[in-house]
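Visitor:
Numbering (our numbering), first residue to last: 1 to 370.
1. Just the Cα atoms here: how many angstroms apart are residue 30 and residue 135?
2. Terminal residues of the continuous beta strand (DSSP E) containing residue 289?
3. When you compare each of 340, 313, 330 to residue 324 by their alpha carbons, which one comes out closest?
4. Which of the three DSSP states is assigned to residue 194 in this structure?
5. Taking 7 Å as the cut-off, is the CB of residue 147 close to at least one heavy atom of the ligand NAP?
6. Whole angstroms are fine: how far does the CA of residue 261 sit from the CA of residue 245?
7. For residue 242, which of helix, strand or coil comes out of DSSP?
8. Tell me, which residues are paired with residue 296 by DSSP?
9. Run through DSSP, which three-state label would residue 164 get?
10. Using 10 angstroms around the beta-carbon of residue 232, count the other beta-carbons present and answer buried if the total reaches 16, otherwise exposed.
11. With the cut-off set at 8 Å, would you say residue 363 and residue 56 are in Cβ contact?
12. Can you give me the C-alpha to C-alpha distance between residue 142 and residue 168, rounded to a whole angstrom?
13. Give me the Cα-Cα distance between residue 171 and residue 346, rounded to the nearest whole angstrom.
14. Run through DSSP, which three-state label would residue 339 get?
15. How is residue 271 classed by DSSP in three states: helix, strand or coil?
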């Protein structure tokens, strides 16, 4: 199954609260025995960063339901995205991160929670007993996939099918080990996306893993895994591959492939595994510091109808093409975006309510990050 992964094919600015000691100016006479030491710069007590985004989306079929990916479920409407605030404290060995989000995007990301806890995107404590080892406990965004929940960290505003159907977050414990060009992560968590296991359902833990390799500063690989028994008694195993390559200062490539195998419960036992899978290529061109283009092409196959229900027994597959421009002015980014999708079956609807195999949309987003 893994061969399908190969078949087709962050620097945030922070406002910090800090203070530093000032030293008296050195004497004009040369030092004879020792050089005057510069004052030691103290680390900031807390670092803050955040973002806010807003968008308008128009579906060419005039149907909200033609959108089947996360965070942009609107038509002909100006919509709020998410206001996000992240606070970090990092000591010599211990750190803590509180990452909050408010708005429809944050609510959809934390769909398994209710009330105020939906505002928690991430909340974790980390401990580094050695330079090569980091231990983390809490809730954090998933390691699976190429795209991220924070819009300023993506070049396309709309999300891929793989992001929308893959894991969003994990709550548990993990250990990260770095050695040379390689990195290893192993962890155990609640079922995918659950901060608290649902009552009166199966409560089994999931296994998390990642192997990363930096062949060079310009070429990196990430092999990811998540698997376990879901609250509804089905079993899931997902393998995911991410590759990034910088060809030049102006051109870079990203790739993401994933395959998910699920064994449903028939009342007595888990049945044989059935899968859905996807593969996406990202082409990034940055001719100017203030202007960039990203073309995303994604193939998504759901022949077993786990994610795209149809009236056809063989399910459906689709190819989605998204072209996004990024115009940057300071911390503000404007993203005009065109998206076209072509499916093997009539999974979309036109303005008259008739089924069709194609869908398209235009989107304009504004994102401010600090």
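Just so it is clear, CB atoms sit at the ideal spot from N, CA and C, and this is done for glycine as well.
The structure presented is a predicted model; accordingly, all values stated were derived computationally and were not measured.
Guide: On the basis of the supplied data:
1. For residue 30, the predicted structure reports a pLDDT of 40, less than 50, and the residue's modelled location is therefore unreliable. The matter cannot be settled from this model.
2. From DSSP, residue 289 is part of no beta strand (DSSP E); its letter is neither H nor E.
3. 340
4. coil
5. For the ligand NAP, the structure offers nothing, since it holds no ligand at all.
6. Here the alpha carbon of residue 245 sits roughly 28 Å from the alpha carbon of residue 261.
7. strand
8. Beta-bridge annotation (DSSP): residue 296 is paired with 282, 322.
9. helix
10. exposed
11. yes
12. 5 Å
13. 38 Å
14. Three-state result, residue 339: strand.
15. coil
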